[in-house]
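J.:
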Amino acid sequence: MYLSAIMRHLYVHVPFCRRRCSYCDFSIAVRKRIPSQEYVDAVLRELELVRAADPGAMPRGSRATSAGPNSGVPGASETESLETVYLGGGTPSLLPADALAILLPALLPPSPAADGVEITLEANPEDVTPETARAWRRSGINRVSLGAQSFDDRVLQWMHRPHNASRIGDAVRALRAAGFDNVSLDLIFALPVELRRDWGRDLDQALSLLPSHLSLYGLTVEKRTPLARWISRGAVSGPDDERYADEYLFAHERLAREEFRFYEVSNAAREGRRSRHNSAYWSGRAYLGLGPAAHSYDGRARRWNIPAWDAYRRALAARRSPVDAEEVLTEEQRELERLYLSLRTDAGVSLSRLCRPLPPAAALWMKRGWVEHRDRRLICTPQGWLRLDALVHALTGQAGVG
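According to the working numbering, the sequence shown is numbered sequentially starting from 2.
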């Protein structure tokens, strides 16, 4: 896998959680004690392996690279500076401040080059205190994505979330006091009717905290989760497409009144506060992933690491690559992926990338108001985003190389 351009966008997977949420099937490691030193050592070893495989993969001026602009290393002189770092999980906020103080400097170029890097930390509300918030800010983190999920204590308990509703507001205030002006909140909608969750109230509560960004995810049922078992036993009802659509469209209307813009199916932001890291994914840009289960993509192929923490750690302790598998995409697969990712965003897809004439489905959807033809682009409306998979299916085989 060619790595030289990947380091503009870096994802670091922190797998540890105190408990598993009722709907979660992510690759996590539930631990009472977080093995933070072992984790940092493993990730830095993986970084060394990346550097050894391709020194040009490291950002210019990075502390982790030994290749200078005139080193003769292929790709080293053309390497772009790092633009985004995203610490995701799992629960990255479980890492103690001293672990982050070791990890982040190894990933970042020295100041002032690091000043323009967007560095996001996913955090749970219960982990945010005035002390942790200040430590995160000192370490260079400048954006926090807070896993609120709901402001209803009954719902949070049903989700197996460790926090209560009051902790969300406390966390946001602590982050603001520490100097964070870029805070995102996650919320989950389309919950089982038995919970009697008030979606409008949750949105109002979230907006009252003046976040710069909101991520709204519809509940999905994954196999081998408590939620799947509850549904199979009849304890709660399964997904309801009508409720999903109603709550999704309501969120669009409510957030628009507060000057939020949905720039992607599940993400809305105030002016200038879009997630630069996630926007890179949706733009089809290359990225490098470190940590168990982390994915990387170079524009041609994607690879992913061993998902289990213990197996990942053992591989790196033995100086073996933690890569689990790799998939080289065909041109047809890459074009289909570009089409799908483009239609997920408010930029839509250029008509030049679609065969002419447009398929009948596109004209029908424009007539129904599900897509718009604007500035020579095909752009989904909120109603269209609800039908995105069907639209992509209708356009499959229509995308050209552009």
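Quick reminder that beta carbons are idealized off the backbone N, C-alpha and C, glycines included.
Just so it is clear, the structure is predicted and the values come from calculations on it, not from any experiment.
Is there contact between the stretch 27-44 and the stretch 171-179, where contact requires at least three CB pairs shorter than 8 Å?
T.: no
J.: Between Ser167, Ala302, Ile189, which lies nearest to leucine 330 when the distance is taken from Cα to Cα?
T.: The residue you call residue 330 lines up with position 329 of the sequence shown. The residue with the shortest Cα to Cα distance from leucine 330 is Ala302.
J.: Quick one: what does DSSP say alanine 400 is sitting in, helix, strand or coil?
T.: The sequence position of residue 400 within the sequence shown is 399, counting from 1. At alanine 400, the pLDDT of 44 sits below 50, so the modelled position is not reliable and the matter cannot be decided from this model.
J.: Please report the straight-line C-alpha distance between threonine 397 and alanine 134, rounded to a whole angstrom.
T.: Working through the sequence shown from its first residue, we reach residue 397 at position 396. Working through the sequence shown from its first residue, we reach residue 134 at position 133. So the alpha carbons of these two residues sit roughly 46 Å apart.
J.: Tell me, which residues are paired with threonine 187 by DSSP?
T.: Looking up residue 187 in the sequence shown gives position 186. According to the sequence as given, residue 187 is aspartate; it is not threonine. DSSP, once it has assigned bridges, lists Ser216 as partnering aspartate 187.
J.: Counting Cβ pairs closer than 8 Å, one from the stretch 255-272 and one from the stretch 207-226, do we hit at least three?
T.: yes
J.: For arginine 162, is the classification buried or exposed, using 16 other Cβ atoms within 10 angstroms of its Cβ as the cut-off for buried?
T.: As a first step, residue 162 must be located in the sequence shown, where it is residue number 161. Buried is the call here.
J.: Along the chain, where does the beta strand (DSSP E) containing phenylalanine 263 start, and where does it finish?
T.: If you number the sequence shown from 1, residue 263 lands on position 262. Run containing phenylalanine 263: 262-265, per the beta strand (DSSP E) assignment.
J.: By the three-class DSSP mapping on this structure, what secondary structure does asparagine 279 have?
T.: Numbered from its first residue, the sequence shown carries residue 279 at position 278. Reduced to three states, the DSSP call for asparagine 279 is helix.
J.: Could you give the distance in angstroms between the alpha-carbon of lysine 368 and the alpha-carbon of alanine 391?
T.: One-based indexing of the sequence shown puts residue 368 at position 367. One-based indexing of the sequence shown puts residue 391 at position 390. Answer to the nearest angstrom: the Cα atoms are 16 Å apart.
J.: What does the alpha-carbon distance come out to for the pair aspartate 325 and isoleucine 232?
T.: Here the question's residue 325 lines up with position 324 in the sequence shown. Here the question's residue 232 lines up with position 231 in the sequence shown. Each residue's alpha carbon lies about 33 Å from the other.
J.: Taking C-alpha atoms, which residue in Gly219, Arg230, Ala179 lies nearest to tryptophan 386?
T.: In the sequence shown, counting from the first residue as 1, residue 386 sits at position 385. Cα-wise, what sits closest to tryptophan 386 is Gly219.
J.: Can you tell me which of the three DSSP states glycine 349 falls into?
T.: Here the question's residue 349 lines up with position 348 in the sequence shown. In this structure, glycine 349 counts as coil in the three-state DSSP scheme.
J.: What three-state label does DSSP hand threonine 92 in the structure shown?
T.: Within the sequence shown, numbered from 1, the residue matching residue 92 stands at position 91. In the structure shown, threonine 92 sits in coil (DSSP, three-state: anything other than H, G, I, E or B).
J.: Determine the closest residue to proline 193 out of Gly235, Gly170, Ile103, His214, with distance taken between C-alpha atoms.
T.: As a position in the sequence shown, residue 193 is number 192, starting the count at 1. Gly235 is the residue among Gly235, Gly170, Ile103, His214 whose C-alpha sits nearest the C-alpha of proline 193.
J.: Quick one: Cα of glutamate 39 to Cα of valine 13, how far?
T.: The residue labelled residue 39 in the question sits at position 38 within the sequence shown. The residue labelled residue 13 in the question sits at position 12 within the sequence shown. One C-alpha to the other measures close to 15 Å.
J.: Could you tell me whether the stretch 300-317 touches the stretch 236-245, where touching means 3 or more Cβ pairs closer than 8 Å?
T.: no
J.: Would arginine 20 be called buried (16 or more neighbouring beta carbons within 10 Å of its own) or exposed?
T.: The residue you call residue 20 lines up with position 19 of the sequence shown. The residue in question, arginine 20, is exposed, as its Cβ has fewer than 16 Cβ neighbours within 10 Å.
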